[in-house]
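First the structure, in the form of C-alpha cells, and then the observations on it.
In my numbering, the protein residues as written are 9 to 770.
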C-alpha cells in the first residue's frame, strides 16, 4: 500500500511506505523508533496490520528513497511509494503481496511439517541418541528447516540485535537456535561431550516442530488479515468495468481506465454508472443505496449530478463525465477507509510500550529459568534447564499483543464503510465510545436540508408605499438570494422560479454572517434576513413580528424582506424534519447521551422542531462564528462532545468538537473537518457510529486482556512453577502451538466485528 499525502506544512511532506516482514508489535515499534531517530523525519507511524509506515519528513533533509533504505537497514523489506497508483492498484498490489506471503508461508510450513513427521518416524525406530547415523540423519533433515523455512527468524533477530533491539524473532531465534546448536554439537562432537559426562540427547524434533508451528500461526494470521480488506474490495467491486462513450453520431464501448473528464456517456437501464458527472439529457431513477444506503431510487433529470458505481434502474440518459479515477466519490471513500485502517488508536500505545520492554524482560526470565533449573532441577539438570528456558522464549512471543488493536480497527472501519459510516481512524473510534453529548445542527442534519416556501406576505402598507405584491416581493428577494449558498436561499429562488416570477440580476452583494444578505436589484436596495438584520439596518420588525411568531410556532422559519429602507414583507420557509431524526434522538437518550440542538435559526422555530424530535436542550439564534464557542462551553463543563453538521459554517465547530460527525450530503469542507462522515445523511448514522465504536473498543479490550493474560499465565507455567507441586511442564512444541493459538484467537475475535449490525436495523 503506497500513497503520497498532502503536505503537512509548507516545508513538510508525507509518504506511506509498505513494510514487509513485521510479525509483532515489537517489530513495528523498532521500525518506528528507527524512523523517528532519522534526520529530517518529523513524525512516523508504523502499522503492523496494514504493513505500512506513514512518515512526515523534510524533503530538504531526506527523501522517500532514503527512508526506504532506513527501513531495510532494520532487517525488514520496504519499497518506494508510487504516487501515480490509484487506490484500486494499491489494493491489488497489497492483495498480491499478501497472497505471495501466504504461498511462501504455506510452502515453508509444508517442508517443516514433512520434516517433523520424518522426525517422529525416526523416533519410533529407537532411542534418538542410540546411533551416530540416526543423529546425522536428523541433522540433515533439520538443516533445510532452520536454513530455509525458518531462516527469516534468525536474520531478523540478528538485524534487531545490530540495532540494539529485540522482538518476536529474537525469542524464536534464541530458543530454537540454542536447541539446534546444542544438538548439532552433540552430533558432531559426541566424543567431547561424552568425555565431559554429557549424554548424547538431541532436540532436532523440537526445533523442527517449533518452527513449523510458528509458521502455521503466521500462516493463519496472514489468511485472517487478508479477510480484513474485504470491505474495501467490495467497495471496489461496485465499479463498472466499461463505459459507453458517445462519439459523434455513434457509440464506443471503452475500458473504464480510458474514460476522461468531458466525455459524454450513455447509460442504459440496468447498467452501472461508470463515473461522476451531470445528466445532459434523458431521465431515470438511480439506485444510490450502494453508497448512501438510501433504499428509494433517486430521480435524475438534466442538470442533476450522478455518482459513479451507482445503478441505473429504469430509463436511459446521457451524462457528461466530470470526475474519474482518484477524483470520484467512490475513490475518495476507499482512500478514507484505507487511511483509517492505517492509523493507530491511542490504546495501541499501551501495547507498544509493553512490547518495547517485554522481549528484554522475557529474555531475563529465560536466563533466570535456566539458572534455577540448572541448580535445583532433576538430572540431567543441564537438559532440564535448556528445555525450560527454550519453552519460556517460545511461549512469550508477543504476536497476539501486536495484533490486538490494529485488527479490530481495520475490521471496524471496513464494516463502518459498508454501513455508510466513514471513520477516519482508530483515534476517532476510541474517542467516540466516550461521547456523552451530541450537538446537532438543525438544517440538513435534523431536517432534510431541502426547505420550501410556505407563505409570502407583503407588509401592511408596503403595496401602496413601494408598489409591491407577492410576486414582486418574491422576485426581489430571489434575485439577492440566488447569490447565497444557504439552503433557505435556495428555497426562495426555487419558489420564485416555480411561480414564474421575473429573474432580475443583483449586484453589490453582501453576506451579513448569521443575519442575512443585502444587494442592489434594479436600483433598489434589497435586504433579506432575520430581525437582527433589520435592526442593524435601522428598521423596526415590529409590524410583522406577530405574523413571524405565528409562523415560527408552526415550525417555519420567518425571513424578513426590506426594500429601500422599508419593511417590505415576510417569507415563511419550512424545512421538513427527517423521518429518522426522532428515532435517533430517542436512541441516544436511551444510551445516556444528551442531545442538543445548536442553530442560527429563530428560537421559536428551533424549539418547535426540537419538540417534534424530542431534543430537550436548544441553543438558538447562534451565528456561525459562535457555534465553536458553544462547543467549547460544553467541553468546559467536562463533556465529551460530538458535533453533527453538514454546512460550511459548521466546519469550525466540527473541528473543535471531540468528535466531528459530518453529513455526507453536505459540503466537502464539513466532511474534511469531521472525524466521521455519514454517507447516508441519516441521523441514525450517529447512533450506528457510536455503537460501532463502543463494540470495537470492547473487542480491543478483550483482545488486550487475553493477550496479556496469556503471557502472564503462560510464562510462569513454561518456566516450571507448577512442576514442584504437580509435576506439570510444557514442552517447547506445546508452547509454540499455544502461541499460535493465541494470535489466531485475537484475529478471530476482531473478525466478529464483520457481523456488526446497528441496533434496530436489519
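Here a beta-carbon is modelled for each residue, glycine too, at the ideal position from N, C-alpha and C.
- Take the alpha-carbon of residue 605 and the one of residue 661: they are about 13 Å apart.
- Pairing residue 88 with residue 105, the inter-Cα distance amounts to about 15 Å.
- At a cut-off of 3 residues, the continuous stretches assigned as beta strand (DSSP E) that sit fully inside the region 34-88 are 49-55 and 60-65.
- Sequence-distant partners of residue 277 (beyond 5 residues in either direction) whose C-beta falls short of 8 Å from its own C-beta, in its chain, are 292, 320, 321, 322, 323 and 324.
- Membership of residue 292 in the beta strand (DSSP E) is indicated by the continuous run 292-295.
- With contacts defined as CB atoms closer than 8 Å, residue 532 and residue 551 fail to qualify as a contacting pair.
- A distance of 8 Å or more separates the beta carbons of residue 22 and residue 61.
- Shortest Cα-Cα distance from residue 219 to any of 255, 153 and 271 involves 153.
- The three-state reading of DSSP puts residue 609 in coil, since its state is none of H, G, I, E or B.
- When 423, 498, 478 and 560 are compared, the shortest CA-CA separation from residue 569 is found for 478.
- Residues 146, 149, 212, 213 and 216 of the same chain have their beta carbon placed closer than 7 Å to that of residue 127, with the five preceding and five following residues left out of the count.
- In the three-state reduction of the DSSP assignment, residue 27 falls in the strand class.
- For residue 172, there is no enclosing alpha helix (DSSP H), since its DSSP letter is neither H nor E.
- Look at residue 22 here: in three-state DSSP terms it is strand.
- About 19 Å separates the beta carbons of residue 621 and residue 638, which is beyond the 8 Å limit, so they are not a contact pair.
- For the 8 Å CB-CB criterion, residue 601 and residue 444 form a contact.
- Contact between the region 722-740 and the region 389-404 is established, with three or more Cβ pairs separated by less than 8 Å.
- Residue 124 sits in a helix when the DSSP states are folded into three classes.
- Around the CB of residue 185, 16 or more other CB atoms lie within 10 Å, so the residue is classed as buried.
- The closest CA to that of residue 274, considering only 311, 328 and 294, is found on 328.
- The criterion of a C-beta distance shorter than 8 Å is satisfied by residue 461 and residue 581.
- For residue 273, the enclosing beta strand (DSSP E) stretches over residues 272-275.
- When secondary structure is reduced to three states using DSSP, residue 198 falls in the helix class.
- Here the alpha carbons of residue 481 and residue 466 stand approximately 7 Å from one another.
- Contact between the region 421-438 and the region 757-768 is established, with three or more Cβ pairs separated by less than 8 Å.
- Annotation for residue 578: the continuous beta strand (DSSP E) segment containing it runs 574-582.
- For the pair residue 608 and residue 522, the Cα-to-Cα distance works out to about 7 Å.
- In chain order, 214, 395 and 399 place their CB closer than 8 Å to the CB of residue 739, counting only its own chain and leaving out the 5 sequence neighbours on each side.
- Across the set 203, 158 and 663, the C-alpha of 663 shows the shortest separation from the C-alpha of residue 436.
- In the structure shown, residue 315 falls within a coil segment according to DSSP collapsed to helix, strand and coil.
- In this structure, the CA atom of residue 486 is about 39 Å from the CA atom of residue 696.
- Of all alpha-carbon atoms in 484, 762, 578 and 757, the one lying nearest the alpha-carbon of residue 708 is that of 757.
- Rounded to whole angstroms, the Cβ separation of residue 687 and residue 665 is 19 Å, and the two are not in contact under 8 Å.
- When the Cα atoms are used, residue 648 and residue 501 turn out to be separated by approximately 39 Å.
- Distance from the CA atom of residue 263 to the CA atom of residue 269, rounded to whole angstroms, is 14 Å.
- Here the C-alpha atom of residue 496 lies approximately 8 Å from the C-alpha atom of residue 457.
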